[in-house]
Amino acid sequence: MATTSLQSAASSSSFSSSETRKFTRALSKPGTAAELRQSVSEVVRSSVFVAKPKVIDPIDYENIIVQKKTQIINDGLRELLLFPYDDFQTAVLKRQHQYVCSTIPENAEKEAYSLFVTECIKTYISDWHVVNFKYEDYSGDFRQLPNKGNRLEKLPVHVFEVDEEADKDEDAASLGSQKGGLTKQGWLYKGNMNSAISVTMRSFKRRFFHLLQLGDGSYNLNFYKDEKISKEPKGSIFLDSCMGVVQNNKVRRFAFELKMQDKSSYLLAADSEAEMEEWITTLNKILQLNFEAAMQEKRYEESHEEDEQNRIDSSSGLDAYLPEIAKSCRDSEFKFKNENRVKLFALDPDAQKLDFSGIEPEVKPFEEKFGKKILVKCNDLSFNLQSCVAENEEGPTTNVEPFFISLSLFDVKHNRKISSDFHVDLNHSTVRHMLANTSQELLNGNSDCLHPIQDIISDVILQYPKQGIFSVTCPHPDIFLVARIEKVLQGSITHCAEPYMKSSDSSKVAQKVLKNAKQACQRLGQYRMPFAWAARTLFKDMAGTLDKSARFSTLYKQDSNKLSNEDMLKLLADFRKLEKMSKLPVILGNLDITIDNVSPEVPNFVNSSYIPMKQFENNSKAVVTFEVEEFVPCIPKHTQPFTIYNNHLYVYPKYLKYDSQKSFAKARNIAVCIQFRDSDDEDSQPLKCIYGRPGGPIFTRQAFVAVLHHQQNPEFYDEVKIELPTQLHEKHHLLFTFYHVSCDSSSKGTTKKKDIIETQVGYSWLQLLKDGRVVTNEQHMPVSAYLPSGYLNNQESGISKYSSPEIKWVDGGKPLLTISTHLVSTVYTQDQHLNNFFHYCQKTMSGAQALGCDLVKYLKSLHAMEGHVMIAFLPTILNQLFRVLTRATQEDVAVNVTRVIIHVVAHCHEEGLDSYLRSYVKYVFKGETYIASEYKTVHEELAKTMTTILKPCTDFLTSNKLLKYSWFFFEILIKSMAQHLLENAKVKLLRNQRFPASFHHAVETVVSMLMPHITQKYKDNPEASKNANYSLAVFIKQCFTFMDRGFIFKQINNYISFFAPGDPKALFEFKFEFLRAVCNHEHYIPLNLPMPFGTGRIQRYQDLQLDYSLSDDFCKHHFLVGLLLREVGNALQEFREIRQIAIGVLKNLMIKHSFDDRYALKSHQARIATLYLPIFGLLIENVHRIDVKDISPFPINAASSGAKDETLNLPAANPLMTPPKSVNALDSSLQKDLFGAISGIGNHIWNSETFK
């Protein structure tokens, strides 16, 4: 090759002497052969004028198929010439709900007037809008064809007599090598091999596994203690006895099971899902090979015995007595051989390779996802102090007073509480009867609840939860399950806990405690006090392996000075330090709570809003499992788009500083009552929207927090969960009422004493909406001594100068109460920028004049939107942005909308969440109904703004992001085009009338503006250039389905015009990747119109040549294949790597034709072959540039060395120029019989009928 270039350079008369010396100096540089070829190319490129190939204008495809309509219809193979009419269609898929009813309240849509809330609700109730391409399965690589399973992977094995006489050992040894020698090794966890039933988490041991093929072709799976596989293995699994490999995650994540013939099993587990799938695929592949080998051996044994006799009978008997039947048998045999003959391309090594690089991941609709799920079962809480609580002392021995448990998760590593509270009442029924029914009026119906749960599920079965499911998105060993235990208010924690801390004879003590407890339950049954706490770890590792062996710690007495969640996190930080935990006072008792993995389908499950899932048994005996809400960290990569309605507010009173107040004589045992109200009128009532505690109603109007005895500055840890109304307004607020509770039980319980159990000692309130957002995080509020009517208008952040004479502030209006709130809502956002944007859009929709500068300001502010908010509300945000895009009247607004979309798309990719974007494009995006006078189309406006952003003078960071993630925008263009054509019945129009000229211009401009970025940024920004090139190719390919095909041909020409011979390798790769993608169109054959364009009757060989040589007319009439062959011809003049790329694209395309079941008939294949006849001309012209040794699977003997010398002595050609196509040269090189044989045309008679 280099010698040829040297001869070409030496014989060129255009070289000057100085250039020759420069050429010689370049060749004399030391280096490898590759460097030598590179230096030759550079010298030649700098010395020879390189001209771009001639651009051949394509045919007007739409006009041609009209002109040749009669010829096409009369063609016997017209399916190769016409596009199908039902190529694509839109469909609406019903959104699948996993709950028995909608999670959205009944009147939520009517009540919502905020645009953001309304659009969120629409997002959660809308069905999926998809565009289906009927032949999409044929639009990829040959490996992705739907009939790929029918291709033979290897030739049938032929066994001859000499093989049977060979040595058996040699046969066995060769068999192992013929099977391909699959091998794999890596670390796995091996379960207990005795029985699959006895496998536990602790029985798994880490071992190094090595898959080994033996000499007889069978496989063993050996395992070792380390990676030294040369040693004797610790054990082996014989895969000959394996019946199947299946996934089994019941005991451990990423586990799979090998089922053996003797019904035993081997349980193995990988470190990741990808590794697990690789092992399962490899092992199943081996099992398939074993099965095929066994079946083949069986068939051979059966046929070998009868083969000889049958052959004698058939030949002699039938020929002699039944000649017609004999002839029919021979014809059938000949037909069978032809139909079952292995296709030539099936033997190609590339056709055997498993290449998944071009396969797109399956795109699924948005769905509700959870982290690592843990099932928590609460069994029992028992203390050493026990007795019979019944009056007649007939009954079981139980705890002597009621206790109440709340469970929650704490993350010590990140110093936060990560779940809501799960409240449990494990008291015996006799103990529960000790409590007076003080809230009977709250139990009478739930008709005024925000969520009418009683219409769906009986509130009786929800009264006493015993098992819940916690979810953890980021599991690690420093997450603790904490149980806080409370009891009915009696006095100080120390006094009440003392009897439970003694191990002496407790019968008398129990009776005394029981007596006091009964009095307290009658007087103060609705008030609770802290008592004890316990904790346990959840996970062994970062993978979320449950630590089932751990148990709850001993019960520690609750310290009244360490109540807050912050104090709890400090205690948990020392939980593993025995020297510190041993100093804590212990209460004698036991808490029995177990944890377990969650099965895929949990029966009788209700979510955090008490909405039951499907297949819920609504009867009193059903054991209900409750979802405990997870507080997912505000990190984008751990956030997922919301799919269901959820609107909860968690309120946490934290601290009350009352030691300096002078307004009340007594304010020590302070109880805080929390209500949610929608008005500050004097006769207004609290809303029944607070989630109740076990034993009470589902929803209540008020909630009390635990009381600390004799504390003027009490701390709190309670959590109050509130179901917020769908639409909040300025009057919605939290009202805190403070009571002094008298714990003195020395009185005889007279009516007068009962009336003064609680004394009101102040009020405080918090308006929930501020600047359109829900108030969250920590708040410091003043306390009022009284509650006048209209109190919301008399306070502004607690500042005394706003005080009204009607309000008497405690302690001068200082912020005495500290609370915090946490919002878990899928219809309200805490992001100010997003809130402002939707608020402004709502103003313009309601008739306010839209100012472009203001809208641009709000659009620009969206770049500062928080990442996790962006992901959580992704479909709603993108829907609104596309809506603004189609209604924009100013170019600046439309461009800034596109900039925001680019920012959102880039952020999703940077966080590795591009799958959400693919789900949005495929299932959610739905262009608005086109109204020419009001709205524009997404595809036209988006194409125009993309052009603006790609201009050289614009922000290069934004344009680079557009290049890198251009697939999203091109996919939106395609889906918008499809929906526009079908919904407006434009698909019935001629293709050149479907879209306006303005859109054609926009598409043309996008291609022209995109190409300089691709061809100039491939060095500085290779990933962006590569992505943009491929995305453009896919877009152009899909445009063939919707637009004027002749127009798309011109865009391909426009693309090709940006490349030239001698381009760097990267640009050649881009160009052929583009051609590969475009030529993979599902209707590539009709696009090339495989029909004669000559006189119609072929009488001479020259007539055939006009249609099947790589002439300008051929390239014009058969545009795509002509362009591909021309580019392959040009590439054959380049370096070896470039030649291989070009030949690979062409070969893979021809393999695809061979494997395409739509073109399985011989007549189809013959017609398709006529499109590729010019290949022979290319091969002959470039035979000296093709190294047969590199591509031939057969050894080339020494006698061929002379041929190599002859190829070097061929006439020199310019390696960078496409040689001229000489008709005479082609005529002398190819015999007309060759054309006829390949195209399926007879040798003697040539007529137009053969093409039909």
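Take any residue in the sequence shown, note its place counting from 1, add 3, and you have its number in the working numbering.
Every residue, glycine too, gets a C-beta built ideally from N, C-alpha and C.
Inter-residue spacing [alpha-carbon to alpha-carbon] between residue i and residue j
i, j, result
"Asn-1200", "Ile-977", "Model confidence at Asn-1200 stands at a pLDDT of 44, short of 50, so the residue's coordinates are unreliable and nothing is read from them."
"His-942", "Ser-979", "6 Å"
"Ala-981", "Val-708", "58 Å"
"Val-415", "Asn-610", "26 Å"
"Cys-856", "Leu-884", "16 Å"
"Asp-462", "Tyr-694", "12 Å"
"Arg-48", "Leu-1135", "Reliability fails at Arg-48, whose pLDDT of 47 lies under 50, so the model's placement of it is uncertain and the value that follows must be treated cautiously. One C-alpha to the other measures close to 16 Å."
"Val-553", "Gly-815", "Residue identity check: residue 553 is Ala in the sequence provided, not Val. If you take the alpha carbons of Ala-553 and Gly-815, they lie about 52 Å apart."
"Leu-388", "Arg-435", "17 Å"
"Leu-1013", "Val-1186", "37 Å"
"Asp-170", "Phe-241", "Only weak support is given to the placement of Asp-170: the predicted model assigns it a pLDDT of 44, under 50, and the question is left unresolved by the model."
"Asp-428", "His-743", "26 Å"
"Leu-659", "Pro-878", "42 Å"
"Tyr-861", "Phe-1096", "59 Å"
When the options are compared against residue i, the one with the closest alpha-carbon
i, options, result
"Lys-624", "Pro-639, Pro-606, Phe-634 and Cys-637", "Pro-606"
"Ser-409", "Arg-435, Asn-395, Val-95 and Cys-381", "Cys-381"
"Arg-776", "Thr-832, Phe-542 and Ser-745", "Thr-832"
"Ser-422", "Asn-402, His-1167, Thr-476 and Val-813", "Thr-476"
"Asn-1256", "Lys-1053, Glu-1085 and Leu-966", "Because the chain spans 4 through 1255 in this model, residue 1256 falls outside it and cannot be assessed."
"Gln-147", "Glu-394, Asp-1159 and Glu-1130", "Asp-1159"
"Ile-128", "Ile-647, Pro-1015 and Ser-792", "Ile-647"
"Lys-372", "Thr-762, Leu-1176 and Phe-645", "Phe-645"
"Thr-703", "Cys-676, His-713 and His-712", "Cys-676"
"Thr-73", "Asn-135, Arg-1161 and Leu-85", "Leu-85"
"Gly-494", "Ser-563, Met-504, Leu-465 and Ile-68", "Ser-563"
"Ile-1055", "Glu-726, Asp-1066, Arg-1079 and Asn-287", "Arg-1079"
"His-1120", "Ile-1154, Glu-65 and Phe-679", "Glu-65"
"Tyr-1162", "Ile-1183, Ser-506, Pro-1093 and Phe-1122", "Pro-1093"
"Pro-236", "Val-248, Leu-215 and Asn-251", "Leu-215"
"Phe-259", "Thr-285, Asp-243 and Ile-725", "Thr-285"
"Asp-774", "Glu-761, Ile-725 and Phe-841", "Phe-841"
"Ser-969", "Thr-948, Phe-1002 and Leu-727", "Thr-948"
As assigned by DSSP and simplified to three states, the class of residue i
i, result
"Leu-1092", "coil"
"Val-58", "coil"
"Arg-487", "strand"
"His-426", "strand"
"Arg-579", "coil"
"Thr-829", "coil"
"Gly-915", "coil"
"Asn-600", "strand"
"Phe-386", "strand"
"Phe-1179", "helix"
"Tyr-655", "strand"
"Met-1046", "coil"
"Leu-594", "strand"
"Cys-499", "helix"
"Ala-706", "strand"
"Leu-1080", "Looking at the sequence itself, residue 1080 is Ala, so the reference to Leu does not match. Correct three-state label for Ala-1080: helix."
"Gln-1019", "helix"
Whole-angstrom C-beta distance between residue j and residue i, which should lie under 8 Å
i, j, result
"Met-263", "Met-246", "6 Å"
"Ala-670", "Gln-715", "6 Å"
"Glu-944", "Thr-889", "6 Å"
"Met-545", "His-479", "5 Å"
"Val-1037", "Asn-1091", "That pair is no contact at about 19 Å."
Heavy atom of the ligand HEM within 7 Å of residue i beta-carbon
i, result
"Tyr-269", "This structure does not include the ligand HEM; it has no bound ligands of any sort."
- Only counting runs of 3 or more residues, tell me where the beta strand (DSSP E) segments fall wholly within the stretch 608 to 688, in order along the chain. 628 to 630, 650 to 659 and 673 to 680
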